[in-house]
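S.K.:
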Amino acid sequence: MKKILMGNHAVSYGALLSRVEVIAAYPITPQTQVVEKLSEMCAQGKLKARYINVESEHSAMAACIAAEQAGARAFTATSSHGLTLMHELLHWAAGARLPIVMANINRSMAPGWSIWTDQNDSLSQRDTGWLQIYCESSQEVLDSIIQAYKIAEQVLLPVMVLLDAFFLSHTYEPVDIPDQGLVDQFLPKLDYAYKIDIKDPCSFGSLLPPEYYLELRYKMQKAMEEAHDVIIQVDKEYQQMFGRSYGGLVEEYRTEDAELVLVASSTAASTSRMVVDQLRDEGMKVGMLKMRFFRPFPTQEVINALKGVKKVAVIDRNISYGQGGIFCEEIRSVLYNIDQHERPPVFGYIAGLGGRDITPTTIREILSHTLKEDKPKENIIWIGVKR
Amino acid sequence: MKEKDEDEIKVVVYHSEQEMPPVPMSVANTLYNKTGTWKYVQPIYQNKTPPCNAGCPAGEDIEGWLSLAGKGDFSEALQLLLSENPFPAICGRICYHPCEKACNRGKFDQPLSINSAERFLGDYGIKQEATTSISTERKKERVAIIGSGPAGLASAYHLANMGYYVALFEASDRLGGSLIKKYSRERLPAEVVEAETERIIKKGIEVRVGTKVGKDVSLESLQREYQAILLATGDQKSKILKAAKGKAILSGLEFLEDTGVKWGVKLEGGIAIIGERDIPEKEIKSTPRIMTDSMGATHEKGVFACGDITFIPRAINHEVGSGKRAAMAIDSYLRGEDIEKKLELVKVGEGELVSMRSYITGTAKWVNKVVSFDELNLDYFEEKSRFLTPEMFAKGAIIKDEIAIQEAERCFHCGVCTQCDNCYIYCPDLAIRRRKDSQGYSINYDYCKGCLICVHECPRNAMSYEGVVK
Ligand code: SF4
Ligand code: SF4
Ligand code: SF4
């Protein structure tokens, strides 16, 4: 069944179809419609979940942690300052190996206050142990929520599904809503092996002395590594059942013979796709690598896509102050160890912070700059700064 | 629920990450970790004396009977009250209730309406024709009590409860002494005095009204017939005080003259001298008193005194307490025991008040330390003004049970564990356990780390602490 949905409601439908059992959330622009819709679904009895109103995002995540620890499938959604307020508990959820799924609407951090998009909120949660999926369309959002539970519950790590504020969260698109029966087959009821059991009481998250801490962190990293194959497998299964695939961790678009590969994520990937088509029509050998997963980082996929190409241009709608675009830095880093002859120069562009539009013109500017230069002159190439 | 052996130390050692669960969770228990070694202070679980109890000269366990009344168990509450004081309906009307002045709740909102609650229970007892049990052990010794005022009656009551044969000699034709002479009928109706006196007499006490010792029967003959004699003749106002220079000597007691007291009027340790106790000078000068030790023994072997004839403030509660002390002294004397040795045990608080229950059972419910207002954790209490007031006892008014219950429920139970479970719940080391016999809790000092959270969270200071343990 197709419906015209805003990105935020695609999140809600994803959670509904995943039969989440506990929702604890605090409203924040531009996430509000996600939880409004979910509370409506609960009130109407469409979704049999316990909806917990909490007083902050910190509490929202705490409630999700407790629910998941009790064996319930938990969900929350937030944005920006809400996400960063959760920061401590993001570590907790991952460290406790709880397969929680949340949606985060990418919104810039204040000050100055901004309700518009960029990725600094979620990318600054990079090291918390959450998987991150950056989505391009409402359809991908809905599908990714369902996939996220399947992945999370296999590797026992939480997953964050990300959407650009307004560009995706508030844009209406036709979305195919899969059949509940099929989703149930794809995603059975959660059976969390380490849930609280009053018949066999034990404590969770208590003191872990130096002789064991390292081992548990080792296992967490192993789970992240294992997630790589799980993500691909889950995406394949999803395609078999629902006819849609997102390529697993990344999607290569027209990269076969590309001499210049543009790397993009989220809605910028969608615009890039269009520009790549235009330039191809104009006879230029360009392609795009869409970064769908940021964690686990698709190391092998990035190497496969970029090794041997002449030039790489990365668009970052985010910045790590004192260094540069965050995707760009990680891409450079995974290319470092490949053979020198195959290693392309990587141009790092920063554009669109705080919701500044990344238009086809912006992308064309980026591509022509990359074609013009042999090597990047600066670590960061700023796009659109009024100087 | 699976019963886990609480005391079994279980330790798991992993040799590789593969053996470990991915989740930081407990797989053994923490008993190997004796957190008790960390402490330098430790909690003590110990009932302490509630200030109301320490403020009641009759030695009642006020907190105890309020606790029972608060549960709606009036008959048990009454029994507990009667175990210390046979006159709840009388005291509930005429006692000046220093207990209420001592009540910690007074510093919070209003003191407990102890006196009114006592009257409620006393009247309940009269209506129910409540009786109290007496010892099954019949003792062979006989005790003569001279005077049937509240002190004499209280003493007779306790001695009869202990199984002694008691004869009560009253010069007038009615029992009650000051109870019938001193108070207006309105304040203290004759039926109330009769009912509570009757309950005592029914214990098999031989009553000899209209019998004046010294005239109708000689003291010597009593001394031959009875193994102990208790002088409870009350305030002998008519008697003359002969004052020597610098010292006042009491010898004009009609009673003493009548009996021809061969045991003499002596200055030191003898029968009648003025003491230095806190009795107003005026009162002492106007009324002769008999010197006794703190428990009522005179210097004459086998002769005891209690009530207004001794050095006590003249009020019903003090008289009841005095009668009780004399009963204990007589019992100890007859058993050939030294009452002084039991004093620490029977004391309520730090003064002269005594508990008959502690005396009979040989165990005290509390240590003598009295809990002060500052030692309570007031976070656990809500302000609530009195439900029951003396004004509510207008003529014929019926006090609903719920009112008495609600009033009793206001009690903080200062110093006395109510098994509220706070300490048990809050102890982070699970060092506090409920006792299997339901008699409160025990502290496992192997694991108590001395954080004193239990002490802080105890609303009533039944958990306190001692410093520096090694
Ligand atoms: S609150 Fe209760 S226990 Fe405390 S002093 Fe008052 S009557 Fe006694
Ligand atoms: S709360 Fe427990 S550990 Fe702390 S002092 Fe009390 S008994 Fe000891
Ligand atoms: S906290 Fe409650 S249970 Fe513990 S000692 Fe105090 S009154 Fe008793």
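One line per chain: the protein sequences are A and B, in this order. FYI, in my numbering the residues of the first sequence are 1 to 387. FYI, in my numbering the residues of the second sequence are 388 to 857. Where is the CB? At the ideal position from N, CA and C, for every residue including glycine. Quick caveat: nothing in here was measured; it's all calculated off a predicted structure.
Exposed or buried, which one is Met274/A when buried takes at least 16 other CB atoms within 10 Å?
M.R.: Counting from one through the first sequence, the residue named residue 274/A turns up at place 274. Classification for Met274/A: exposed.
S.K.: Verify the CB distance criterion: does Glu404/B have a CB-CB separation below 7 Å to chain A?
M.R.: For the purposes of this step, residue 404/B is identified with residue 17 of the second sequence, where counting begins at 1. Yes, contact with chain A.
S.K.: In three-state terms, what does DSSP make of Asn755/B?
M.R.: Along the second sequence, read from residue 1 onward, the residue named residue 755/B stands at position 368. Strand at Asn755/B.
S.K.: How would the residue list near ligand 3 read, in chain order, if you kept each one whose beta-carbon is closer than 7 Å to any heavy atom?
M.R.: Cβ-based neighbours of ligand 3 within the cut-off: Tyr432/B, Cys804/B, Thr805/B, Gln806/B, Cys807/B, Asp808/B, Asn809/B, Cys810/B, Tyr811/B, Gly827/B, Tyr828/B, Cys841/B, Glu844/B, Cys845/B, Pro846/B, Arg847/B, Ala849/B and Met850/B.
S.K.: Please classify Pro178/A as buried or exposed, where buried requires at least 16 other C-beta atoms within 10 Å of its C-beta.
M.R.: The sequence position of residue 178/A within the first sequence is 178, counting from 1. Per the 10 Å Cβ criterion, buried.
S.K.: I want to verify the contact list: residues of chain B whose CB lies under 8 Å from the CB of Gly95/A, in sequence order.
M.R.: Against the first sequence, residue 95/A aligns to sequence position 95. Correct list: Pro411.
S.K.: Since Lys311/A sits in a beta bridge, which residues does DSSP pair it with?
M.R.: Residue numbering aside, residue 311/A sits at position 311 when the first sequence is read from its first letter. Leu260/A.
S.K.: Just the C-alpha distance for Gly95/A and Glu404/B, rounded to the nearest angstrom, thanks.
M.R.: Position 95 of the first sequence, counted from the first residue, corresponds to residue 95/A. Position 17 of the second sequence, counted from the first residue, corresponds to residue 404/B. Computed Cα separation, rounded: 15 Å.
S.K.: Based on the DSSP output, what are the partners of Arg821/B in its beta bridges?
M.R.: As a first step, residue 821/B is located in the second sequence; it is residue number 434 there, counting from the start. According to DSSP, which records beta bridges pairwise, Arg821/B is partnered with Tyr828/B.
S.K.: Could I get the ranges of all uninterrupted beta strand (DSSP E) runs contained in the region 329-385 of chain A, with 3 residues as the minimum, in chain order?
M.R.: Counting only runs of 3 or more, we get 346-350.
S.K.: Are the CB atoms of Ala25/A and Thr76/A nearer to each other than 7 Å?
M.R.: Working through the first sequence from its first residue, we reach residue 25/A at position 25. Working through the first sequence from its first residue, we reach residue 76/A at position 76. Yes, they are a contact pair.
S.K.: Here's a check: name, in chain order, each residue in its chain whose Cβ is nearer than 6 Å to the Cβ of Glu21/A, leaving out the five neighbours to either side.
M.R.: Start at 1 with the first residue of the first sequence, and residue 21/A comes out as number 21. Taken in chain order, the residues that qualify are Ala49, Ala72 and Arg73.
S.K.: Is it the case that the region 788-806 of chain B contacts the region 836-854 of chain B, given that we only count it when at least three CB pairs across the two stretches are under 8 Å?
M.R.: These segments touch.
S.K.: Whose CA, out of Arg712/B, Arg820/B, Ile587/B and Glu505/B, lies closest to the CA of Ser520/B?
M.R.: Position 133 of the second sequence, counting from 1, holds the residue named residue 520/B. The shortest Cα separation from Ser520/B among Arg712/B, Arg820/B, Ile587/B and Glu505/B belongs to Ile587/B.
S.K.: Could you tell me which residues DSSP pairs with Phe204/A in its beta bridges?
M.R.: Within the first sequence, the letter at position 204 stands for residue 204/A. Phe204/A pairs with Met412/B.
S.K.: For a contact meaning CB atoms closer than 7 Å, what does Met850/B contact in chain A?
M.R.: Position 463 of the second sequence, counted from the first residue, corresponds to residue 850/B. Within chain A, no residue comes near Met850/B; the closest Cβ sits about 25 Å away, beyond 7 Å.
S.K.: Can you tell me the Cβ-Cβ gap for Ile792/B and Gly459/B, rounded? I've got them flagged as a contact below 8 Å.
M.R.: For the purposes of this step, residue 792/B is taken as residue 405 along the second sequence, with counting starting at 1. For the purposes of this step, residue 459/B is taken as residue 72 along the second sequence, with counting starting at 1. 5 Å between Cβ atoms; contact.
S.K.: Take Ile363/A as the anchor and find which of Glu153/A, Asn120/A, Ser137/A and Thr267/A has the nearest alpha-carbon.
M.R.: Sequence index remark: in the first sequence, residue 363/A carries index 363 (1-based). With distances taken between Cα atoms, Ile363/A lies closest to Thr267/A.
S.K.: Tell me whether Gln497/B sits in a helix, a strand or coil according to DSSP, three-state version.
M.R.: For the purposes of this step, residue 497/B is taken as residue 110 along the second sequence, with counting starting at 1. Correct three-state label for Gln497/B: coil.
S.K.: For Cys835/B, verify whether its CB is less than 6 Å away from any heavy atom of ligand 2.
M.R.: Indexing the second sequence from 1 puts residue 835/B at position 448. Yes.
S.K.: Just to confirm my understanding: we take Ala469/A, look at its own chain, exclude 5 residues before and 5 after, and list those with CB closer than 6 Å. What are they?
M.R.: With chain A covering 1 to 387 only, the question about residue 469/A has no answer from this structure.
S.K.: So what does DSSP say about Ala635/B, is it helix, strand or coil?
M.R.: Working through the second sequence from its first residue, we reach residue 635/B at position 248. Caution is warranted here: a pLDDT of 36 is assigned to Ala635/B, below 50, making its placement in the model unreliable, and the coordinate value is therefore given only provisionally. Three-state DSSP puts Ala635/B in a strand.
S.K.: Is Phe799/B near ligand 1 - that is, is its Cβ less than 6 Å away from at least one heavy atom of it?
M.R.: The sequence position of residue 799/B within the second sequence is 412, counting from 1. Indeed, a heavy atom of ligand 1 lies less than 6 Å from the Cβ.
S.K.: Taking only beta-carbon atoms, is Leu208/A less than 7 Å away from chain B?
M.R.: Locating residue 208/A in the first sequence gives position 208, where the first residue counts as 1. Yes - at least one Cβ of chain B is within 7 Å of the one on Leu208/A.
S.K.: Can you tell me which of the three DSSP states Asp176/A falls into?
M.R.: Walking along the first sequence from the start, residue 176/A turns up at place 176. DSSP places Asp176/A in strand when its eight states are reduced to three.
S.K.: Quick one, which of Ile28/A, Ser169/A, Ile350/A and Cys202/A has its alpha-carbon nearest Val263/A's?
M.R.: Against the first sequence, residue 263/A aligns to sequence position 263. Ranking Ile28/A, Ser169/A, Ile350/A and Cys202/A by Cα distance to Val263/A puts Ile350/A first.
S.K.: Under 9 Å between beta-carbons, which chain A residues line up against Tyr401/B? List them in chain order, please.
M.R.: Along the second sequence, one-based indexing puts residue 401/B at 14. In chain order: Glu211, Tyr212 and Glu215.
S.K.: Give a yes or no on whether the minimum CB-CB distance between Lys219/A and chain B is below 7 Å.
M.R.: Walking along the first sequence from the start, residue 219/A turns up at place 219. By this cut-off, Lys219/A is an interface position.
S.K.: Roughly how far, in whole angstroms, is the beta-carbon of Arg744/B from the beta-carbon of Ser470/B, given that I think they are within contact range, below 8 Å?
M.R.: Locating residue 744/B in the second sequence gives position 357, counting from the first residue. Locating residue 470/B in the second sequence gives position 83, counting from the first residue. Right, the Cβ-Cβ distance comes to about 5 Å (below 8 Å), so this counts as a contact.
S.K.: Cβ of Cys202/A less than 7 Å from any chain B Cβ?
M.R.: Here residue 202/A refers to the residue found at position 202 when the first sequence is read from its first residue. With 7 Å as the cut-off, Cys202/A counts as an interface residue toward chain B.
S.K.: Counting beta carbon pairs with one atom in the region 750-762 of chain B and one in the region 426-443 of chain B, are three or more of them shorter than 8 Å?
M.R.: Touching, yes, given that three or more Cβ pairs across the two stretches are closer than 8 Å.
S.K.: Just to confirm my understanding: we take Asp235/A, look at its own chain, exclude 5 residues before and 5 after, and list those with CB closer than 8 Å. What are they?
M.R.: Taking the first residue of the first sequence as position 1, residue 235/A is located at position 235. Correct list, in chain order: Gln147, Ser245, Tyr246, Gly247 and Gly248.
S.K.: By how many angstroms is the C-alpha of Ser742/B removed from the C-alpha of Glu735/B?
M.R.: The residue given as residue 735/B occupies position 348 in the second sequence. The residue given as residue 742/B occupies position 355 in the second sequence. According to the sequence as given, residue 735/B is Val; it is not Glu. Between Val735/B and Ser742/B, the C-alpha separation is close to 6 Å.
S.K.: Select from the region 475-501 of chain B all residues with a C-beta closer than 7 Å to any C-beta belonging to chain C, and list them in chain order.
M.R.: Protein chains A and B are contained in the structure displayed, whereas chain C is not.
S.K.: On the premise that Tyr811/B lies in contact with Tyr834/B, defined as a C-beta separation below 8 Å, what is that separation, rounded to the nearest angstrom?
M.R.: Start at 1 with the first residue of the second sequence, and residue 834/B comes out as number 447. Start at 1 with the first residue of the second sequence, and residue 811/B comes out as number 424. Not a contact, Cβ separation roughly 13 Å.
S.K.: Is Pro438/B near ligand 1, going by C-beta to nearest heavy atom under 6 Å?
M.R.: Counted from its first residue, the second sequence places residue 438/B at position 51. Pro438/B: yes, Cβ under 6 Å from ligand 1.
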